[in-house]
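Number of protein chains: 2
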Amino acid sequence: MKAALLSIGNELLLGKTINTNFAFIGKSLAKIGIYLDKEITIPDTEKAISESLDLLWKNYDLVLTTGGLGPTKDDITKKTIADFFGKALFFDYKVWENVQFLFLKKKRKMPNLNRNQALVPQDFVAIENKMGTAPGLAYHKDNKFLFMMPGVPKEMEYLMTEHILNILKKAFKLPKIDITTIHTKGIAESAIAELIDDIVVEEPVRLAFLPQTGRVDLRVYGTNPVKNKKVVEEIKERLHHKIWGENVSSPGELIHQKFLEEGFTLSLAESCTGGMVQEILTSFPGASKYFLGGIVSYSNQAKINLLKVQENTLNKYGAVSEETAIEMAQGVKKIFKSDFSASVTGVAGPDGGTFEKPVGTVFISVANNDKTMTKKFVFSGNRKRIRQMSAENVFFMLMDLLKKSGNK
Amino acid sequence: MKAALLSIGNELLLGKTINTNFAFIGKSLAKIGIYLDKEITIPDTEKAISESLDLLWKNYDLVLTTGGLGPTKDDITKKTIADFFGKALFFDYKVWENVQFLFLKKKRKMPNLNRNQALVPQDFVAIENKMGTAPGLAYHKDNKFLFMMPGVPKEMEYLMTEHILNILKKAFKLPKIDITTIHTKGIAESAIAELIDDIVVEEPVRLAFLPQTGRVDLRVYGTNPVKNKKVVEEIKERLHHKIWGENVSSPGELIHQKFLEEGFTLSLAESCTGGMVQEILTSFPGASKYFLGGIVSYSNQAKINLLKVQENTLNKYGAVSEETAIEMAQGVKKIFKSDFSASVTGVAGPDGGTFEKPVGTVFISVANNDKTMTKKFVFSGNRKRIRQMSAENVFFMLMDLLKKSGNK
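This is how it looks when you write it as C-alpha cells:
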C-alpha cells in the first residue's frame, strides 16, 4: 500500500505558509499503519496539478490532496482533477445546504462565488465539512483512493480525523503497527550510531533516526511488537544515561504529564523566553490543574518590583546571572505559593552579548521546597533557536528536580 | 529559470518534523526573484533520491536538497547523488579540519563516523558550514545548479543566507521583483474575490490569495513596480475598511513595529493564551525597548492576588467575562506602569465550555491612560486555533487603540 500527498498552493512555495498540514497528515496516517512515501507541493496551475496527479495516480494506491478547493479563481483543484478523470461537475444540493448554513451561522452575506463549492465531480463523493464551506471529495477506482481536502488546517484536520481515517481503516486491512520512540539528549546522532552500531535491526523491525533541534529521537517500529521490544531494550541499555523519555511528543508534554500525575503545582518566571515556557505548557488541555501562573519579567523593574530580585543582585551580577536566576525562581515560587518553580534569564540575541556573556548565554533555575538547582548554558544559533533550547532545558531541569522528589 | 526543492527525510513523512526549511527556502528565494516551482519530500532511500533527482535535474535549472548529509547509515544523500552523476568521493582536508574544530569547540569526542562528512564528490564544491559538521555541496553543469544542504534548520539557514543566495545572485541575471502584500481581516476569500473581480490583473502583474488562519493576505508581485502599484491602489480602494496592514509578516510584528516607532510601553495579562501574546512579541529583537513584562494569571488566585481583580467580580461574572478582562488590563497596566496594556481571558477548550460561554468564548481588553476597550469573541476550531485567534485579536485591538491615540 503506497501513499502520497499532493499539497497545492502558491502560498507554500512562496514560503508564506508553513505546511503544517503535511506533518498532521503524515502523523495521522502513520498511527493507522499507512506510511506516506512521497509529498509534492505545486502551485495552483492546471499544468502542475494534472502532471503531478498523473504521476501519483499511476504509482500510488492512496493519493491525498490539500488546497485549491475554495471558491475563488485561484482555486482550480476540483475542476482540474475532474477534467483529469474526464468527469463532469454536478450541483450537489446537500453540499449547497451546508454552505448556506455556514454563512447563516456567521451572519455573513454569501457571495455568489460560493455556489461553486456545491459542485461535485461525477462519481466523486462529497464528505461533509462542518468547519468550512468546501466539502472534502473522495474518489475510488481499481482499489485506489483519492481524497481531496481544503488547505485550511482546521478543515483538513476535521475531515481527516472524523472521516478519512475511518474510511481508510475500513477499506484496507492495515497491519497493526507497533511504535516506540526513544528520546535522547546531549549526544550527537553520530555518537548514538556508533554506540548502537552492532544491534541487529532486520525486517520487520525498522529503526529511524529523527533529529530534533538540539537532540535526537530514535523510532523503532514495525508489525512485530516482540521483535521491536528486543531492539528497544537493547538500545535503552546502551543509551540509558542519555534517554529522557519514551513516546512523548516533546519535553514540555512530559512535564505536563508528570505534574498532572504527581499533583505538584508549578509557577514560572521568564525573561529571555518571554512566555514561551508557559505557552508550551498551556497548549496542553488540563494545564490549569497544576500551572498556577507566571511572570514575564522582561524589564529589570519587573524583576525587582514583582519577583523581588534584589537591586543589589542585578547591579553586582547582572540580569543574566546565576544569582538573578535563583532569586527569580524563588521569588515566583513565593508569589504563587507553588510546590515547584522555574526561571530563565539569558541573552537571546542578536544584540546584547558581551565578551563574558555572549549571545546564547542562559541561566535556568528550578526550585521546590527542598532544593534550588541552577545551570548555565551557552546555546548556539539564532534568537529563535536559543529561545527554544532555553525552554526545552527548563523542562529537562524540572525533570531532574522531579526525580529527586517523592510523590506528593 | 525554474527552481525545485527536494526535501529528504523520513521524519518529515512520518509527521515527526514540520518542514519549516521549505518555507524558509521558498521565502529567501522569492526575495531575490526566484520562485520555487515544486517541492518534493521523499524518504532516505537510494531509489527515492535517484528517481526524484532524475526528474528534477532534467526539468529544472536550480535544484536544492535538504537532509541526509549527516554521518549515520541513514544519511545516504551524498553517496546516492554522487552515484547519480557518476562521481567518486574524495576526502577533503579542509572540510575535515572544520569537522574536527567543531568537535573540539564543543569538547566532545569525535566518533569515527564523522570522517565520512569530509568526503566530497568529484567536481562538487564544499561550502563551509560554520553551524555544523556537514558541509553544503554545490554542483554546476550546463547552466544548471545543484545545492545540497543538511536538514538541521540552523545549518540550512546559515548556508542559504551566507552563501547560496549570494552565489545565485551572481550567477543569474535575476529580474528585480516588486512585491506588495496587503493584509485583510474579517472578510472571506470569496467576498474579496467578488469585490475585486473586475480589477484587471495581467502579466507581468501577478496576484495571489494567501489565506491565513482566520484572515486573508493578497500578494501583488511582478517585474513592473508601476503596474503593480496601480493594481495595489485599486485593491486598497475597494477593501480599505478590511485592511489592517501592508508588507508585515504578522499582526504581532506590526504591533512590535508600532510600539518601537511610537515610544509607548506595553504590559500584558494573559489567561487562556498562557503567554502566547508575550512570546510572539518577544520573538522580535528589540521588544525590550517597549515591552515591560506581563503576568500569566492561569488561576483565579493569580488574578486576585497579582492583578487585583476583585473577588466579587470573579464570583459575579466569572473569570471569562468582560468585567474580569477589564480589571485584568487595568490591573496589569498599574503594576507595570505601562502606557498601554492588554488582557485576554477565555475558554480555549476542549473542556470548560458552558451553554452561555461555549468553548471559543474569549474576552479581550486593551487600555491606555484615556481609554479601555473590551470585546467579546466566539472563535471556532480547536484549542490551538482558539489561542492563535485570541492572540491575533489582541494585536488587532491594540492597533485600534493606537490609532485613537496620538504619538507619544
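Line by line, the protein sequences give chains A and B.
For what it's worth, the working numbering labels the leading residue of the first sequence as 34, then goes sequentially.
For what it's worth, the working numbering labels the leading residue of the second sequence as 34, then goes sequentially.
We treat Cβ as the ideally placed atom computed from N, Cα and C, and that holds for glycine.
Computed from a prediction, not measured in an experiment: that's the story for all the values here.
Proximity to leucine 20 of chain A [Cα-Cα], best of A:Pro244, A:Glu235, A:His273 and A:Thr50:
No statement about residue 20 of chain A is possible, as the shown extent of chain A runs from 34 to 441 and does not include it.
Rounded C-alpha distance that separates phenylalanine 124 of chain A from leucine 152 of chain A
5 angstroms
Considering threonine 405 of chain A, what are the terminal residues of the beta strand (DSSP E) in which it resides?
405-411
Could you confirm whether any beta carbon from chain A is found closer than 9 angstroms to the beta carbon of serine 332 of chain B?
yes
When we look at the beta-carbon of lysine 390 of chain A and count the other beta-carbons within 10 Å, is it buried (16 or more) or exposed?
buried
What's the call for glutamate 344 of chain B, buried or exposed, on a 16-neighbour Cβ count within 10 Å?
exposed
With a 10 Å radius around its C-beta and 16 neighbouring C-beta atoms as the bar for buried, classify arginine 141 of chain B as buried or exposed.
exposed
Isoleucine 455 of chain B vs alanine 320 of chain B beta-carbon contact at 9 angstroms
With chain B running from 34 to 441 in the structure shown, residue 455 of chain B is simply not present.
May I ask you to list, following chain order, the residues of the region 88-118 of chain B that have a beta carbon less than 8 angstroms from some beta carbon of chain A?
Gly103, Pro104, Thr105, Lys106 and Asp107
Cβ contact check for the region 230-244 of chain A and the region 287-298 of chain A: 3 or more pairs under 8 angstroms
no
Please state the DSSP three-state secondary structure of valine 365 of chain B.
helix
Would you report the Cα separation of threonine 194 of chain B and glutamate 188 of chain B, rounded to the nearest angstrom?
10 angstroms
I'd like the ranges of any beta strand (DSSP E) spanning at least 3 consecutive residues and lying wholly in the region 64-151 of chain B.
69-75, 95-99 and 122-124
Span of the beta strand (DSSP E) holding glycine 278 of chain B?
276-279
Which residues of the region 365-389 of chain B have a Cβ closer than 9 angstroms to any Cβ of chain A? Give them in chain order.
Ile368, Phe369, Lys370, Ala381, Gly382, Pro383, Asp384 and Gly385
May I have a chain-ordered list of the beta strand (DSSP E) segments no shorter than 3 residues that lie completely inside the region 267-310 of chain A?
276-279 and 299-303
When we look at the beta-carbon of glutamate 279 of chain B and count the other beta-carbons within 10 Å, is it buried (16 or more) or exposed?
exposed
Of all Cβ atoms in chain B, is any one closer than 9 angstroms to the Cβ of glutamate 294 of chain A?
no
Does the distance from the C-beta atom of alanine 63 of chain B to that of leucine 243 of chain A stay below 9 angstroms?
no
For tyrosine 323 of chain B, three-class secondary structure by DSSP
coil
Count the CB pairs spanning the region 178-185 of chain A and the region 92-103 of chain A that are closer than 8 angstroms, and state whether there are at least three.
yes
When you compare the region 320-333 of chain B with the region 400-414 of chain B, are there three or more beta-carbon pairs, one atom per stretch, that lie closer than 8 angstroms?
no
Give the single residue among B:Ala171, B:Val253 and B:Ser282 whose Cα lies nearest to the Cα of lysine 269 of chain B.
B:Val253
Where does alanine 167 of chain B sit, in a helix, a strand or coil, going by DSSP?
coil
Residues that tyrosine 350 of chain B contacts on chain A, provided the C-beta gap is smaller than 8 angstroms
Chain A residues near tyrosine 350 of chain B: none, gap ~19 angstroms exceeds 8 angstroms.
In three-state terms, what does DSSP make of threonine 346 of chain A?
helix
Is the region 77-93 of chain A close to the region 157-170 of chain A, with three or more CB pairs under 8 angstroms?
no
Per the DSSP calculation, valine 253 of chain B is bridged to which residue(s)?
B:Thr213 and B:Leu240
Among residues of its own chain, excluding the 5 on either side of aspartate 70 of chain B, which ones have a beta-carbon nearer than 8 angstroms to its beta-carbon?
Lys35, Ala36, Ala37 and Tyr93
Answer with yes or no whether the minimum CB distance from alanine 224 of chain B to chain A is below 9 angstroms.
yes
Roughly how many whole angstroms lie between the Cα atoms of lysine 443 of chain B and glycine 101 of chain B?
Here chain B covers residues 34 to 441 and nothing more, so residue 443 of chain B does not appear.
Under DSSP, the alpha helix (DSSP H) around valine 395 of chain A begins and ends at which residues?
Counting along the chain, valine 395 of chain A falls outside any alpha helix (DSSP H), though it belongs to the beta strand (DSSP E) covering 394-400.
At least one CB of chain A closer than 9 angstroms to the CB of threonine 405 of chain B: is that the case?
no
I need the straight-line Cα distance from glycine 364 of chain B to valine 411 of chain A, nearest angstrom please.
36 angstroms
Hey, out of A:Ala241, A:Lys367 and A:Glu356, whose CA is closest to threonine 50 of chain B's CA?
A:Ala241
Would you identify the three-state DSSP class for aspartate 429 of chain A, choosing helix, strand or coil?
Checking the sequence, you will find phenylalanine at residue 429 of chain A rather than aspartate. DSSP places phenylalanine 429 of chain A in helix when its eight states are reduced to three.
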